[in-house]
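**Student:**
2 protein chains.
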Amino acid sequence: MNNPPLITAPSGWQLARRAARMNPSVIREILKVTERPGIISFAGGLPSSKTFPVAEFEAACAKVLRDDPAAALQYAASEGFGPLREMVAENLRVQAASAGLTWQVDPAQVLITTGSQQGLDLVAKVLVDAGSRILVESPTYLGAVMAFTPMEPEVVSVASDDDGVDMEALRQAAVAAGTGEAARFLYVLPNFQNPTGRTMSEARRAALSTEAARLGLPLIEDNPYGDLWFDAPPPAPLTARNPDGCIYLGSFSKVLAPGLRLGFVVAPKAVYPKLLQAKQAADLHSPGFNQRMIAEVMKDGFLDRHVPTIRALYKSQRDAMLEALAQHFPASNSQPDQSLTWNTPAGGMFLWARLPKDMSAVDLLPFAVDKGVAFVPGAPFYADHGDPRTLRLSFVTPSVAEIHQGVAALAAAIKERQAA
Amino acid sequence: MNNPPLITAPSGWQLARRAARMNPSVIREILKVTERPGIISFAGGLPSSKTFPVAEFEAACAKVLRDDPAAALQYAASEGFGPLREMVAENLRVQAASAGLTWQVDPAQVLITTGSQQGLDLVAKVLVDAGSRILVESPTYLGAVMAFTPMEPEVVSVASDDDGVDMEALRQAAVAAGTGEAARFLYVLPNFQNPTGRTMSEARRAALSTEAARLGLPLIEDNPYGDLWFDAPPPAPLTARNPDGCIYLGSFSKVLAPGLRLGFVVAPKAVYPKLLQAKQAADLHSPGFNQRMIAEVMKDGFLDRHVPTIRALYKSQRDAMLEALAQHFPASNSQPDQSLTWNTPAGGMFLWARLPKDMSAVDLLPFAVDKGVAFVPGAPFYADHGDPRTLRLSFVTPSVAEIHQGVAALAAAIKERQAA
Chain A
1 MNNPPLITAP
11 SGWQLARRAA
21 RMNPSVIREI
31 LKVTERPGII
41 SFAGGLPSSK
51 TFPVAEFEAA
61 CAKVLRDDPA
71 AALQYAASEG
81 FGPLREMVAE
91 NLRVQAASAG
101 LTWQVDPAQV
111 LITTGSQQGL
121 DLVAKVLVDA
131 GSRILVESPT
141 YLGAVMAFTP
151 MEPEVVSVAS
161 DDDGVDMEAL
171 RQAAVAAGTG
181 EAARFLYVLP
191 NFQNPTGRTM
201 SEARRAALST
211 EAARLGLPLI
221 EDNPYGDLWF
231 DAPPPAPLTA
241 RNPDGCIYLG
251 SFSKVLAPGL
261 RLGFVVAPKA
271 VYPKLLQAKQ
281 AADLHSPGFN
291 QRMIAEVMKD
301 GFLDRHVPTI
311 RALYKSQRDA
321 MLEALAQHFP
331 ASNSQPDQSL
341 TWNTPAGGMF
351 LWARLPKDMS
361 AVDLLPFAVD
371 KGVAFVPGAP
381 FYADHGDPRT
391 LRLSFVTPSV
401 AEIHQGVAAL
411 AAAIKERQAA
Chain B
1 MNNPPLITAP
11 SGWQLARRAA
21 RMNPSVIREI
31 LKVTERPGII
41 SFAGGLPSSK
51 TFPVAEFEAA
61 CAKVLRDDPA
71 AALQYAASEG
81 FGPLREMVAE
91 NLRVQAASAG
101 LTWQVDPAQV
111 LITTGSQQGL
121 DLVAKVLVDA
131 GSRILVESPT
141 YLGAVMAFTP
151 MEPEVVSVAS
161 DDDGVDMEAL
171 RQAAVAAGTG
181 EAARFLYVLP
191 NFQNPTGRTM
201 SEARRAALST
211 EAARLGLPLI
221 EDNPYGDLWF
231 DAPPPAPLTA
241 RNPDGCIYLG
251 SFSKVLAPGL
261 RLGFVVAPKA
271 VYPKLLQAKQ
281 AADLHSPGFN
291 QRMIAEVMKD
301 GFLDRHVPTI
311 RALYKSQRDA
321 MLEALAQHFP
331 ASNSQPDQSL
341 TWNTPAGGMF
351 LWARLPKDMS
361 AVDLLPFAVD
371 KGVAFVPGAP
381 FYADHGDPRT
391 LRLSFVTPSV
401 AEIHQGVAAL
411 AAAIKERQAA
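Protein chains in written order, with full-length UniProt numbering: chain A, 1 to 420; chain B, 1 to 420.
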């Protein structure tokens, strides 16, 4: 056969303006220093693989392929698998009821997404124009900012304390000072936040809900960790308080497994049809096979038996980290400027800590890695000026023994830098 | 527990400008008329579920969950599963070699996507600004236009004949007359196109490849059906002729199953990193479990044994449709204006037909449905003025008996309308 010449003329790729704003994850770059065998990692954002219900997945795969392979493997509806949408709606209704709220979620409002990350992408596509003002907590979940960025928003950080966003700061941020342009939404992660582990209090939720409704400010409520509470469930979702003013995002990644890439969006009638069209354009639909697997696993209340085992595991890991921290940093209460300080997350996967005065987490990291432990510096999680002393510690993947060893290594690194 | 009042204040949802351009699929709306039990459908775009290798999927699921469940169910790399990326690269190399071309695909250039639909979404995000000129064939795949639309391009239709896009029309369309703005890319589906079933000839590919390189016009080459040839493989891909000037999109949906939602993009160094960042922002990564399932099924050359069975099935179905058409429309050669006319696709799933003069496929559809058969009118597949006489007939899902029955019903409907 003839072999036509390979064409080597210069090609005319012209990137979209938004491409200049898309960048490799800062954290991924920082963490390259930690990719060394034998390092105890508090840096990960991964759930513990011990929590994956492998036997149940095996049984579900076999059943789904036996019962209706033609449907499970075929193209499917963009909205998602009907029975799964019904389970999502029912679970949310039950959870809200147990928190004392009536939230009637219509399965028709549920859109199954390819991980809740895709929910964020669809929200941005439908609600964000180039230059649109959007509000985030301080600090905030970086993956959300990464999902919003391609739509070229102006991301405005709203001052936040241990209970969530500050109400006075929110009022000031909701409308741009110069142009009078209203923010398109406030993005919040109220339960066991990534990165801080903090939980928005009931009082703050009530205030935020009222204030957002008064301002006409839509809320995007992201809740990947809400089921992972340790002693008591978190307060009811913001969306349950004002369903027409909120979009709610949930995930199966932390209660079942991330590798199936399934999450969901609950949206009011004002935006659902557009989210659905954006979904259809983005990937037609999320894998029907995976949706049936998860529906099969979840039926008969499996999560009610399974999730408590995750809670118990993560709580014991958190306790181990708190114990190790108290042991290695005894001066945290008496001399907070000379010691590491930290919070006590009531659920989830992360603990938030702060280094002694004048110490930077980014600068400390290579020294910590030399001692055998990795963490994520906190500054990149802020949409504006980050606090360089902060860091995020994940307690879910290392063993209890490794947690003690890792905290000892962290203490040694800090001591050494203080002496330097 | 206290039940806080449900907030009912009006909410301030403001949709992005692009949302106004996102609409429900025209075809989906048209096809609502066909949703009636007992209708023989030539309207579908679905592969035949008879071709799904169910037993192989069962074995693969079990093996993947037995061998390394912790990795298969965990978060994974945005680029995709390494062994699958290597198989994709190797398959493309082998296919190009059998067509006489040397195409060294580096696995590092392969990005696994959530269906090839997501590849189109990522391409638009990375290459299209609001108002950017992009070129498509006439007619073109509607799902691509749907994927590009949220980035607000100006979609320009390039006149095309049975061999593909017209070169003179392409030269005129490549640069906007008024502004001198160069088109960002030409989107082409060269093999057994959806909707027309046509294939771009070797001569046209050579000409297009040379001309696009001369113009500095990037090509987006979509190839979901290329493996489904009937008598001989199609000519080598455009991308194999100029890898730096093309992005290639492929899919596992037509050779394995759509319900796992996996496809891939092969992109040059100039754009790969940005596509990867867009992918990470869109859904972090495609389901790792599914990627391992497909890699497991594909190893040891399964596709070399499996795909020929799909080709044989679809060819027999195409032949049945050609036979039925020849039988019911004997005047197609002698009096093309008085009869239905059609092409002879060399592979894929679709046949393209044209109604007698002054007859509209949209108008005919409800009458055809009354006779018991459905099809898709062709006009919506054109980015500009569509030919109202055209229609798309899928031959892959009905049985041979149903194909004969459906074509008879179509002929009856046309005869009745001609007499009316």
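Beta carbons: idealized from backbone N, C-alpha and C, even for Gly.
1. Applying the criterion that 16 or more other CB atoms from any shown protein chain within 10 Å of the CB defines a buried residue, is residue 459(A) buried or exposed?
2. Express the C-alpha separation of Leu238(B) and Ala9(A) in angstroms, rounding to a whole number.
3. Between Pro107(A) and the rest of its own chain, which residues show a CB-CB distance below 8 Å, the 5 nearest in sequence each way excluded?
4. Taking the CB atoms as reference points, tell me whether Phe375(A) and Ala383(A) lie closer together than 8 Å.
5. In this structure, does DSSP put Phe264(A) in helix, strand or coil?
6. Name the residue from Ile310(A), Ala174(A) and Gln172(A) whose alpha carbon lies nearest to the alpha carbon of Phe230(A).
7. Quick check on this structure: which residue in Ser49(B), Ser48(B), Val110(B) and Arg36(B) has the alpha carbon closest to the alpha carbon of Lys279(B)?
8. Helix, strand or coil for Ser160(B), going by three-state DSSP, please let me know.
9. Identify the contact partners of Gly115(B) in chain A, using a Cβ-Cβ distance below 7 Å as the criterion.
10. Chain A partners of Val297(B), CB-CB under 8 Å?
11. Please work out which residues of its chain come closer than 8 Å, Cβ to Cβ, to Ala409(B), disregarding the five sequence neighbours upstream and downstream, and give them in chain order.
12. Rounded to whole angstroms, what's the CA-CA distance from Lys357(B) to Arg389(B)? Just pull it up for me.
13. Distance cutoff 8 Å, beta carbons only. Does Glu402(A) sit that close to anything in chain B?
14. Less than 8 Å between the C-beta atoms of Gly263(B) and Thr113(B), yes or no?
15. Can you check whether the C-beta of Thr239(A) is within less than 8 Å of a C-beta belonging to chain B?
16. Just the Cα atoms here: how many angstroms apart are Lys125(A) and Met151(A)?
17. Are the beta-carbon atoms of Glu202(B) and Met167(B) separated by less than 8 Å?
18. Quick one: using the 10 Å Cβ neighbour count with 16 as the cut-off for buried, is Lys415(A) buried or exposed?
19. Round the Cβ separation of Ser138(B) and Ala159(B) to the nearest angstrom and send it over; I've been treating them as touching at under 8 Å.
20. Let me make sure I understand the geometry here. Which of Leu122(B), Asn91(B), Pro268(B) and Ala76(B) has the alpha-carbon closest to that of Ala282(A)?
21. Over the uninterrupted alpha helix (DSSP H) stretch that includes Glu56(A), give me the two end residues.
22. At a Cβ threshold of 8 Å, is Phe375(A) touching chain B?
23. What would DSSP say about Ile39(A), mapped onto helix, strand or coil?
24. Skipping 5 residues on each side, what residues in its chain have a beta carbon closer than 7 Å to that of Arg292(B)?
25. So with Cβ pairs under 8 Å, would you call Pro398(B) a contact of chain A?
26. Out of curiosity, what's the CA-to-CA distance linking Gln193(B) and Ser339(B)?
27. So Ser316(B) contacts chain A; which residues on that side make the cut at Cβ distance below 7 Å?
28. Who are Glu221(B)'s beta bridge partners in DSSP?
29. How far does the beta strand (DSSP E) with Ser394(B) in it extend, from its first residue to its last?
30. Counting pairs of beta carbons, one from the segment 215-226 of chain A and one from the segment 183-199 of chain A, are three or more of them closer than 8 Å?
31. Determine the extent of the alpha helix (DSSP H) in which Leu284(A) is found, giving its start and end residues.
32. Residues in the same chain with beta-carbon distance under 6 Å from Ala411(A), minus the five sequence neighbours each way, listed in chain order, please.
33. Straight-line CA distance for Leu142(B) to Lys315(A)?
34. Would you report the Cα separation of Pro5(B) and Lys274(A), rounded to the nearest angstrom?
35. According to the Cβ coordinates, are Ala183(A) and Leu219(A) closer than 8 Å?
36. What's the C-alpha gap between Gln14(B) and Thr140(B)?
**Tutor:** Judging by the given coordinates:
1. Residue coverage of chain A in this structure runs from 1 to 420, which leaves residue 459(A) outside it and unanswerable.
2. Caution applies to Ala9(A), whose pLDDT of 49 falls short of 50 and renders its modelled position unreliable; the model cannot decide the point.
3. Gly82, Arg85, Glu86, Val88 and Ala89
4. no
5. strand
6. Distance check between Phe230(A) and each of Ile310(A), Ala174(A) and Gln172(A) places Ile310(A) closest, using alpha-carbon atoms only.
7. When the alpha-carbon of Lys279(B) is set against those of Ser49(B), Ser48(B), Val110(B) and Arg36(B), the nearest one is in Val110(B).
8. strand
9. Asp283 and Leu284
10. Correct list: empty, because the minimum Cβ distance to chain A is about 12 Å.
11. Taken in chain order, the residues that qualify are Ile40, Ala368, Lys371, Gly372 and Val373.
12. 7 Å
13. no
14. yes
15. Not an interface residue.
16. 7 Å
17. no
18. exposed
19. 6 Å
20. With distances taken between Cα atoms, Ala282(A) lies closest to Leu122(B).
21. Val54 to Asp67
22. no
23. coil
24. Val64, Ala72 and Phe81
25. no
26. 24 Å
27. Within 7 Å of the CB of Ser316(B), no CB atom of chain A is found; the nearest one sits about 19 Å away.
28. Val188(B) and Tyr248(B)
29. It spans Thr390 to Ser394 - the beta strand (DSSP E) in which Ser394(B) sits, taken as one unbroken run.
30. yes
31. That residue, Leu284(A), is in no alpha helix (DSSP H); it is neither H nor E in DSSP.
32. Around Ala411(A): His328.
33. 50 Å
34. Here Pro5(B) scores only 46 on pLDDT, less than 50, and its place in the model should not be relied on; the value that follows carries that caveat. Going from the Cα of Pro5(B) to the Cα of Lys274(A) covers about 29 Å.
35. no
36. 32 Å
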